[in-house]
Amino acid sequence: MRDTRILLRTGAVPALLLAAAAVAAATAAATAAPAAGGTAPVAAGQDFQYVGQDDRVHGLTAPKGCVAAEGGGSRPVTNHTRGTATFYREPGCAGAPVERLGPGTVTQVRPYFASVRFSVTG
7 MRDTRILLRT
17 GAVPALLLAA
27 AAVAAATAAA
37 TAAPAAGGTA
47 PVAAGQDFQY
57 VGQDDRVHGL
67 TAPKGCVAAE
77 GGGSRPVTNH
87 TRGTATFYRE
97 PGCAGAPVER
107 LGPGTVTQVR
117 PYFASVRFSV
127 TG
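Here you go:
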């Protein structure tokens, strides 16, 4: 009981509660089933993932060449491919690139992208 009073006086309890709440929220978000109109988590093994303008999570396995961004790509993007992902605002990877994302990286691509070209790696 004495230890509890010391923790309460020192302010350590709020920090511990915040940390526990953050872990619980992250675990719940990762394992929760999607609600109606929600987004389903992308299955493990997806090499490239992004959240589209349609607020859905999209993923590709072993993408090659130029790929259309279904749902209009934006926001968080994860590139677990072995090559570079180059983002374009135009369909068909036309126009100037707006962002390049190296292998194994995560970033925000704003405001959007319509297509992505994946470099060929061997």
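Okay, so the sequence shown: first residue is 7 according to my numbering, each after it adds one.
Using N, Cα and C, we set each Cβ at its ideal position, and we do this for glycine too.
Every value quoted in this text rests on a predicted model; they were computed, and no experiment measured them.
Can you tell me which of the three DSSP states proline 109 falls into? coil
Own chain residues within Cβ distance below 8 Å of glycine 101, not counting five before or after: Tyr94 and Arg95
Who does arginine 123 pair with in a DSSP beta bridge? Cys72 and Thr92
Endpoints, beta strand (DSSP E) assigned at glutamine 55: 54–58
DSSP-derived helix/strand/coil call for glycine 98: helix
Between Thr92, Pro109, Pro97 and Gly110, which lies nearest to proline 103 when the distance is taken from Cα to Cα? Thr92
Run through DSSP, which three-state label would arginine 116 get? strand
Nearest to valine 126 by CA position, among Pro69, Val63, Cys99 and Phe54, is which residue? Pro69
What residue range is occupied by the uninterrupted beta strand (DSSP E) comprising histidine 64? 63–66
Please report the distance separating the alpha-carbon of arginine 81 from that of tyrosine 56. 7 Å
Could you tell me whether the Cβ atoms of phenylalanine 124 and glycine 89 are closer together than 7 Å? yes
Count the other CB atoms within 10 Å of the CB of glycine 110; is the residue buried (16 or more) or exposed (fewer)? exposed
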